[in-house]
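J.: Numbering (full-length UniProt numbering), first residue to last: 1 to 266.
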């Protein structure tokens, strides 16, 4: 995680962002600290990176890369406003002992924002931020099956805004964010899908952090919380509205250093 010392709406690269509707930095700090404390309460071990002035979205560490074992496939951001984050992320990962892998020059790839494992399959969101060829390249390097999922709603520009694996056989998703092929592919490959309603999708219900049977997410998602309870999960909500102003929530604010394969989590 990265503290939000320099977080703010300095540019507009998704429909949530508006420089005329700035985040309240004091409130954002309080919300980030509450999420940090919640995850620690759920027994997560958290390592921090140092914020950098001029990189307001560095706080969204999910986009730094895709962690696989002791390797990290570094992001190559589509928007120039975020491209300065990659060098900072590279240095952090190398100091932490990871091998960093660069993307080919002409590929856009935005890390665990668009690449999420459910079981041993890599589900890959593409078109709005990441390229399908980049995600296929990563899957080839890992030697795993990849299922590309086309995203069709600019408000759900990363896969982790509309899809959240819970286990090898379960996931949360927001169907309208995907084209018809992607919706069918999800149904065919994941036996138990929990759809979220429009109102809760707008609260970033799918942008949750899963630790075992605990799910940390933004407030305002009672239907999802009920559905999770029925499947044996315990929901833990904490307000993250200041980060929704930039198009992010709980999952965006974290990156699992032990990998994104939910089924392997203790």
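For each residue, glycine too, the CB sits at the ideal point set by N, CA and C. As the structure is a prediction and not an experimental result, all values here were calculated from the model.
(1) Please confirm if the stretch 234 to 249 is in contact with the stretch 15 to 29, defined as three or more CB-CB distances below 8 Å between the two stretches.
(2) What does DSSP give as the partner residues of residue 237 in its beta bridges?
(3) Pick out whichever of 105, 204 and 115 has its Cα sitting closest to the Cα of residue 65.
(4) Using only CA atoms, which one of 89, 20, 81 and 25 lies nearest to residue 71?
(5) According to DSSP, is residue 168 helix, strand or coil?
(6) Does the Cβ-Cβ distance between residue 299 and residue 254 come in under 8 Å?
(7) If you run the structure through DSSP and keep just helix, strand and coil, what is residue 71?
(8) Distance check for residue 53 and residue 191, CA to CA, integer angstroms please.
(9) Look at the alpha carbon of residue 123 and the alpha carbon of residue 160, and state the distance between them as a whole number of angstroms.
(10) If you follow the alpha helix (DSSP H) that residue 256 is in, where does it begin and where does it stop?
(11) Under 8 Å Cβ to Cβ from residue 274, same chain only, skipping five residues before and after it: list those, please.
(12) Just how far apart, CA to CA, sit residue 91 and residue 105?
(13) Sorted by chain position, which residues of the same chain lie with C-beta nearer than 7 Å to residue 228's C-beta, five sequence neighbours on each side aside?
(14) From what residue to what residue does the alpha helix (DSSP H) around residue 41 run?
(15) So the candidates are 212, 201 and 211; which of them puts its Cα closest to the Cα of residue 222?
(16) Can you tell me the Cα-Cα spacing of residue 93 and residue 99, whole angstroms?
(17) Going by DSSP, what residues sit across from residue 126 in a beta bridge?
(18) Rounded to a whole number of angstroms, what is the C-alpha to C-alpha distance between residue 266 and residue 146?
(19) Using only CA atoms, which one of 144, 142, 102 and 153 lies nearest to residue 127?
(20) For residue 79, report the span of its beta strand (DSSP E) as first-last.
(21) With H, G and I counted as helix, E and B as strand and the rest as coil, what does DSSP make of residue 101?
(22) By the three-class DSSP mapping on this structure, what secondary structure does residue 189 have?
(23) What does the alpha-carbon distance come out to for the pair residue 263 and residue 22?
(24) To the nearest angstrom, how far is the alpha carbon of residue 205 from that of residue 187?
(25) Tell me the residue span of the alpha helix (DSSP H) that contains residue 228.
(26) Report the partner residues of residue 178 according to the DSSP bridge assignment.
(27) Please report how far the alpha carbon of residue 103 lies from the alpha carbon of residue 5, in whole angstroms.
T.: For this structure:
(1) Yes, since at least three Cβ pairs between the stretch 234 to 249 and the stretch 15 to 29 fall closer than 8 Å, the two stretches touch.
(2) 217
(3) Out of 105, 204 and 115, 115 has the C-alpha closest to the C-alpha of residue 65.
(4) 89
(5) coil
(6) This structure cannot speak to residue 299, because the chain is shown only from 1 to 266.
(7) Strand at residue 71.
(8) 44 Å
(9) 10 Å
(10) Run containing residue 256: none; DSSP gives neither H nor E here.
(11) For the chain, the structure presents residues 1 to 266; residue 274 sits outside this window and is missing.
(12) 19 Å
(13) 215 and 235
(14) Residues 25 to 41.
(15) It is 201 whose Cα lies nearest to the Cα of residue 222.
(16) 8 Å
(17) 150
(18) Because residue 266 carries a pLDDT of 44, less than 50, the predicted location of this residue cannot be relied on, and the following value inherits that uncertainty. Cα-Cα distance, rounded: 24 Å.
(19) 153
(20) Premise fails: residue 79 is in no beta strand (DSSP E) and is neither H nor E.
(21) Under the three-state reduction of DSSP output, residue 101 falls in the strand class.
(22) helix
(23) Bear in mind that the predicted position of residue 263 carries a pLDDT of just 48, short of 50, making it unreliable; the figure below should be weighed with that in mind. Taking the straight line from one Cα to the other gives about 38 Å.
(24) 19 Å
(25) 222 to 230
(26) When DSSP reads this structure, residue 178 sits in a beta bridge with 151.
(27) 29 Å
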